[in-house]
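Reading through the structure tokens given below for one structure.
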Amino acid sequence: MERKIRILVAKPGLDGHDRGAKVVAQALRDAGMEVIYTGLHQTVDQIIQAALQEDVDIIGLSIMSGAHLPICEKLMKKMKEKELEDTTVVVGGVIPTRDIPRMQQMGIKGIFPGGTPFDESIRWIKEHVKSR
Amino acid sequence: MGVAKYVKNDKDEVLDVILQSGIPIKPVYTRKDLEEVGFDPEKDLAYPGEYPFTRGIHPQGYRSREWTTRQYTGFGTPEETNERFKLMISHGQTGLNVAFDLPTQMGLDSDDPLAEGEVGRVGMAVDSLRDFEVAFKDIPLDRIGVGLTINAVASIMLAMFQATAEKFGFKKDRISATPQNDILKEMIGRGAWIFPVKPAVRLIGDTIEYSMKELPRTNPVSICGYHIRESGCSPAQEIAYAFEIANTYIEEVLHRGHSIDDFVRGFTFNINIFGNLWEQVAKFRAARKLWAINLRERYGAKDNRSLLLRGLFGGGGYGMTKAQPENNIIRGAYYALAAALGGAQTTALCSFDEAYTIPTPRAALLSLRTFQILMEEIGLRDTVDPLAGSYFIETLTKQMEEKIVEEMKRVDEMGGMIKAVETGYVQREVARQAYEFEKGVQKGELIKVGVNKYTEGDEMEVELHEYRLGSAEEHIKRTQEVRRVRDNRKVTQLLKELENAARAEKNVMPSLLECCKAYATVGEMTKVFKEVYGEFKEPSIF
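From first to last, the protein sequence lines are chains E and W.
Take 4 as the starting number for the first sequence in the numbering used here and just add one per residue.
Take 21 as the starting number for the second sequence in the numbering used here and just add one per residue.
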């Protein structure tokens, strides 16, 4: 039997607004994925550690604080160091449209600003992420 | 937005309306409905300013005093924030409500590696007394009350505020601070917690006890249903959870041997407004009554001043949408109306651009003007509690009351709010409802104009606040300079004394005041607490 898609839903940085992360986590679970939620206040290193330990196919970051650019930059750099380039990274939260091209350049594959319908993000994940 | 569940037939006639608190609305209300809910005008209403205060806490309402306007303000460096404070005051704002950046809220200095990228972003960066001296320069602190929107380290900020005021020559019995200081709601909804539940609640007890003796005009705690509602609970649960939290803090102080009438009048509330207008108004009226009953019957309060629910009723961010952002100006106006009809003492609105980032001066001023128009042009000061006696509003107020009591009972049976938070019960309940709500929006059962109805394809251009990249660096330099020139031996000794007080479970406030005066940093004081208390671990809720 094919393994379910495993996704790490992570809250990087100091922001504690986790309504979005928890709502999306529930939607992904209802869509048949295996969801691991990190909880709040995670450093980039902790997130990478959790991704390795849980052997996830995809990492979904939820960022509302405006610090998405520095956080993503740091995460993508460290992912490269840990040879985690195969793990897809997506970001949701308060993401201004003008920042999307820069995030894509960093290697963030999917960006889902607040209000993205569940169906859209779930479809995207199922199309772009193959569980191993 | 998402005001209620509407069931319609194919001719677009509304068949059923169910409010988020679970109360169905009828097409017509009559005297009979009042009888059915057992409405008694003497017992349920009385006069404004009289027990049970359903109609308001002042006999003359807004005739005797306008509400206080207190927009949430703060960003970048203390210099930038001071400028914005003065701008708002010069335009008629009557109070301040300070926004701190996330490192400050989490007790980290600006040069802490964990603070990288977040310094000054969602609020002002504060490391030491030097920063408050800059932020409050030329603000008449004997006249302008100051809300400090901070929780885990509220005790530190309150001490810092007192030290600043004294340095400027304002007497401690003249200044009025309102630190938010509600850690339980952070654990449920907003996430800016540091220490475990019990010591965190003890710190709140310390601030209440200290204010009672030293800072008589300060409101040491502002209990926030607001953020729990933002996180997904219903309006009835918002009030129920807020009261259960308040009762936890009350009991913390009662255990120290103080009498309820000595301290509880310093309690204030921060309550949210978005959604159905009627439900909001009924919520405020029911809440005022239940709070008075709670104090009198559960805690035996005798002083009338102890029974008053004083609140900042604020237009909630969750009601605002990123789509068609100018619609948020209209929404804000209706939320402000709800606050006025609900008898708010203090008001604030999320500005129309806040679904994107923190507000521009133009957006913040629009929020302030919204309130001013209501008070000056629309007639909201004319008479107290204008909706009183309406068949509908009085019925709904009684029904809200029942729902709130039901929810409180559920938490009581669990053993109170500390248990409910430690086991994750409330967090689970709130997250589940947030999910249900979002599904409702996505299915189109709950309407959000511009989001799932009357949508427009193109994104609207809005002028946004720009984060100034250099500001973090400037701020770090200043903090490092403070550390260089202060008397470091004295700081070390005072931090040791703070640690001793914390370990001995003595009230830490006097010690914090000394640390602040000696320019100890927020990060240094927090580190002491972390060593003594440890850190909160979130219960797993999935």
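Every residue gets a Cβ at the ideal spot worked out from N, C-alpha and C, and that includes glycine.
Nothing here was measured: the structure is a model prediction, and the numbers come from that model.
Assign residue i to buried or exposed, taking buried as 16 or more other Cβ atoms, counted over all protein chains shown, within 10 Å of its Cβ.
{"i": "residue 131/E", "result": "exposed"}
{"i": "residue 480/W", "result": "exposed"}
{"i": "residue 33/W", "result": "exposed"}
{"i": "residue 275/W", "result": "exposed"}
{"i": "residue 338/W", "result": "buried"}
{"i": "residue 377/W", "result": "buried"}
{"i": "residue 562/W", "result": "exposed"}
{"i": "residue 560/W", "result": "exposed"}
{"i": "residue 65/W", "result": "buried"}
{"i": "residue 334/W", "result": "buried"}
{"i": "residue 52/W", "result": "exposed"}
{"i": "residue 21/W", "result": "Residue placement at residue 21/W is poorly supported in this model, since its pLDDT is 41, which falls under 50; the coordinates are not used for a value here."}
{"i": "residue 97/E", "result": "buried"}
{"i": "residue 50/W", "result": "exposed"}
Which residue or residues does DSSP assign as beta-bridge partners of residue i?
{"i": "residue 293/W", "result": "335/W"}
{"i": "residue 26/W", "result": "37/W"}
{"i": "residue 199/W", "result": "168/W"}
{"i": "residue 119/W", "result": "169/W"}
{"i": "residue 562/W", "result": "Answer is none; residue 562/W lacks a bridge partner."}
{"i": "residue 37/E", "result": "9/E"}
{"i": "residue 473/W", "result": "469/W"}
{"i": "residue 368/W", "result": "334/W"}
{"i": "residue 15/E", "result": "45/E"}
{"i": "residue 68/E", "result": "Beta-bridge pairing links residue 68/E to no other residue."}
{"i": "residue 93/W", "result": "118/W"}
{"i": "residue 115/E", "result": "95/E"}
Compute every distance between the C-beta of residue i and the non-hydrogen atoms of the ligand NAP, then say whether any falls below 8 Å.
{"i": "residue 135/W", "result": "What this structure holds is no ligand at all, so the ligand NAP is not there to describe."}
Under a CB-based cut-off of 9 Å, is residue i close to chain E?
{"i": "residue 541/W", "result": "no"}
{"i": "residue 462/W", "result": "yes"}
{"i": "residue 262/W", "result": "no"}
{"i": "residue 39/W", "result": "no"}
{"i": "residue 298/W", "result": "no"}
{"i": "residue 104/W", "result": "no"}
{"i": "residue 553/W", "result": "no"}
{"i": "residue 251/W", "result": "yes"}
{"i": "residue 49/W", "result": "no"}
{"i": "residue 548/W", "result": "no"}
{"i": "residue 561/W", "result": "yes"}
{"i": "residue 21/W", "result": "Bear in mind that the predicted position of residue 21/W carries a pLDDT of just 41, short of 50, making it unreliable; the figure below should be weighed with that in mind. Judged by the 9 Å Cβ criterion, residue 21/W is not in contact with chain E."}
{"i": "residue 258/W", "result": "no"}
{"i": "residue 86/W", "result": "no"}
{"i": "residue 442/W", "result": "no"}
Closest Cβ-Cβ distance between residue i and chain W: below 9 Å?
{"i": "residue 124/E", "result": "no"}
{"i": "residue 111/E", "result": "no"}
{"i": "residue 94/E", "result": "no"}
{"i": "residue 100/E", "result": "yes"}
{"i": "residue 115/E", "result": "no"}
{"i": "residue 11/E", "result": "no"}
{"i": "residue 62/E", "result": "no"}
{"i": "residue 74/E", "result": "yes"}
{"i": "residue 97/E", "result": "yes"}
{"i": "residue 17/E", "result": "yes"}
{"i": "residue 104/E", "result": "no"}
{"i": "residue 77/E", "result": "yes"}
{"i": "residue 65/E", "result": "no"}
#### Entry: chain E contacts from the region 133 to 147 of chain W (Cβ-Cβ distance under 8 Å)
Those would be 134, 135, 136, 137, 138, 141, 142, in chain order.
### Query
If you measure beta-carbon to beta-carbon, which residues of the region 31 to 59 of chain E are closer than 8 Å to chain W?
Here the close residues are 32, 38, 40, 42, 43, 44, 46.
### Under 8 Å (Cβ pairs) to chain W, residues found in the region 19 to 30 of chain E
Of all residues in the region 19 to 30 of chain E, those with a C-beta nearer than 8 Å to a C-beta of chain W are 19, 20, 21, 22, 25, 26, 28, 29, 30, reading in chain order.
### Task
Would you list, in chain order, the members of the region 118 to 130 of chain W that have their beta-carbon closer than 7 Å to a beta-carbon of chain E?
Per Cβ criterion, the list reads 122, 123, 126.
### Query
Counting pairs of beta carbons, one from the region 37 to 49 of chain E and one from the region 112 to 132 of chain E, are three or more of them closer than 8 Å?
At 8 Å Cβ cutoff, the stretches do not touch.
### Query
At a cut of 8 Å, does the region 171 to 183 of chain W reach the region 528 to 548 of chain W through at least three beta carbon pairs?
The region 171 to 183 of chain W, when compared against the region 528 to 548 of chain W, does touch it at the 8 Å Cβ threshold.
### Query
Would you call the region 459 to 473 of chain W and the region 261 to 281 of chain W in contact, with 3 or more CB pairs under 8 Å?
Touching, no.
### Message
Against chain E, which members of the region 338 to 360 of chain W pass a CB distance test of less than 9 Å?
### Response
From the region 338 to 360 of chain W, only 338, 341, 342, 343 have a Cβ closer than 9 Å to chain E.
### Task
Taking a Cβ distance cut-off of 7 Å, strictly less, list which residues of the region 448 to 474 of chain W are near chain E, in chain order.
Residues passing the 7 Å Cβ filter: 451, 454, 455, 458, 462, 471.
### Task
Give the residues from the region 202 to 213 of chain W that approach chain E closer than 9 Å (Cβ to any Cβ), ordered along the chain.
Result list: 206, 209, 210, 211, 212, 213.
### Message
Give me the subset of the region 364 to 380 of chain W whose CB atoms are less than 9 Å from a CB atom of chain E, sorted by chain position.
### Response
For chain E, the residues of the region 364 to 380 of chain W that bring a beta carbon within less than 9 Å of one of its beta carbons are 375, 376, 377, 378, in chain order.
### Query
Within the chosen definition, does the region 122 to 131 of chain W reach the region 539 to 551 of chain W through at least 3 CB pairs nearer than 8 Å?
Enough Cβ pairs lie closer than 8 Å, so yes.
### Task
Using a Cβ-Cβ cut-off of less than 8 Å, list which residues of the region 474 to 495 of chain W approach chain E; keep chain order.
Residues 479, 484, 487.
#### Entry: Touch test, the region 191 to 203 of chain W against the region 236 to 243 of chain W, Cβ-Cβ under 8 Å, three pairs minimum
Yes: at least three Cβ pairs fall under 8 Å.
### Query
Does the region 482 to 498 of chain W come within contact of the region 506 to 522 of chain W, defined as at least 3 CB pairs closer than 8 Å?
Cβ pair count under 8 Å is below three, so no.
### Task
Give a yes or no on contact between the region 239 to 255 of chain W and the region 277 to 293 of chain W, applying the rule of three or more CB pairs nearer than 8 Å.
Contact between the region 239 to 255 of chain W and the region 277 to 293 of chain W is present: three or more C-beta pairs spanning the two stretches fall below 8 Å.
### Query
Listed in chain order, which residues of the region 88 to 103 of chain W have Cβ atoms closer than 7 Å to some Cβ of chain E?
Within the region 88 to 103 of chain W, contact with chain E at the beta-carbon level (separation under 7 Å) is assigned to no residue.
### Message
Quick check: the region 72 to 90 of chain W against the region 430 to 439 of chain W, are at least 3 beta-carbon pairs closer than 8 Å?
### Response
These segments do not touch.
### Query
Okay, do the region 84 to 96 of chain E and the region 53 to 64 of chain E touch, 3+ Cβ pairs below 8 Å being the bar?
By the Cβ criterion, the region 84 to 96 of chain E is in contact with the region 53 to 64 of chain E, since at least three pairs of Cβ atoms, one from each stretch, lie closer than 8 Å.
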